[in-house]
Structure formats: C-alpha cells, structure tokens
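Residues in the sequence shown are numbered consecutively from 3, following our numbering. A virtual CB, placed ideally from N, CA and C, is assigned to each residue, including glycine. Before any comments, here is the structure.
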Amino acid sequence: MKKRFAALLLIAGLVSSLSSFTTPFGGEGFQIYIDNKLVVERFGPKMSEVQTLKLEEFAPNAKLTVKYWHCNQVGKDRAITLKDADQKVLKQYKYKDATEKLSAMNCNLYDIALLQKSTKLINLYYASDEAPQGRLLVTIDVNRALAKK
C-alpha cells in the first residue's frame, strides 16, 4: 500500500512539474535585426507584445532584417508594410516566396527613416498567405533617426 501511494505521489509530482513547462502550440515567431544585430525577438504568446524600437544613428546602408517563422511552413506572398498611426500605408516591400522555413526579408533603414517627414512612429506589419490579416511586429520611433555620414 505504501509503495502504491509513493508511486502515485511520484507520478503526480512528475505530471505537475512537466505541465509547468508547456510550449505554445505551433511554432510561430519572428526576429528583427539591424545590421545582423538582434534587436527584437518574439515567439508564441509573447508575439502580441509590441515593442517600440527607437532609431538613433545608423550607417547610410544599414539594413533592417525580419525573419518570420510559420509553424513549419514556408512563407508565400510575403510583405512588410509600414503604416503611420492612422493605419495609412507609407511603404510596402514585397518578397519572393520563401524557399526555406526561415527566409530573411531586408529593408534599407535609411528609406524607413526618410518617412519621419510624415510621422514620428511607424508601425511595421508582416503579412503572407499564411497570415493574410497581417501582424504588427514592432513600432519604430524615427523621431531623431539620423544616418551617420
């Protein structure tokens, strides 16, 4: 009887501890880089937390790179859209269908900073056939963004 009770207690403890390490369903997530330096990373339930990325100084040829994961699928008909606070489209980048599960999408940071004439905050959205409604990834603060000479 004591052995059964001990075994049940051990199983209950094991199940309890394993359930505290659950992973979200799917495998959706993204990373944003500036010149190969990771600046934003979100996966699973954390994807709804939108971070503001403040641009200060950067090289004139600096690149902003977005890498997006789609639950073990390759992205098709991919686009990065930059919108102002009123959801007006400022610029849209279209990309070829991905050939791998993770395929980088690059934008010139200087082009994004030039949009500061019309707005201070720029919302960066990702959309594809797999996510046609689009997803807000990050808000970019371009208030004082300057390209280094």
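Enumerate in chain order the residues of its own chain whose CB-to-CB distance from residue i is below 6 Å, with the five nearest sequence positions on each side excluded.
| i | result |
| --- | --- |
| glycine 136 | Tyr127 and Ala129 |
| leucine 111 | Phe60, Ala64 and Leu66 |
| asparagine 125 | Lys85, Leu138 and Thr141 |
| valine 42 | Ile34, Gln53 and Val140 |
| alanine 100 | Val76 and Gly77 |
From the DSSP output, which residues share a beta bridge with residue i?
| i | result |
| --- | --- |
| threonine 54 | Thr141 |
| arginine 6 | In DSSP, arginine 6 forms no bridge with anything. |
| leucine 84 | Lys93 and Leu126 |
Where does residue i land, buried or exposed, given buried means 16+ other C-beta within 10 angstroms?
| i | result |
| --- | --- |
| leucine 139 | buried |
| valine 68 | buried |
| glycine 77 | buried |
| arginine 44 | buried |
| arginine 80 | buried |
| glutamate 51 | exposed |
| glutamate 102 | exposed |
From which residue to which residue does the beta strand (DSSP E) around residue i run?
| i | result |
| --- | --- |
| glycine 31 | 31–36 |
| lysine 65 | 65–71 |
| lysine 39 | 39–45 |
Exercise for the section: Just list the beta strand (DSSP E) runs in the stretch 106–140, keeping only unbroken ones of 3 residues or longer that don't cross its boundaries, in chain order. Expected result: Uninterrupted beta strand (DSSP E) stretches at least 3 residues long and entirely within the stretch 106–140 occur at 107–110 and 123–129, given in chain order.
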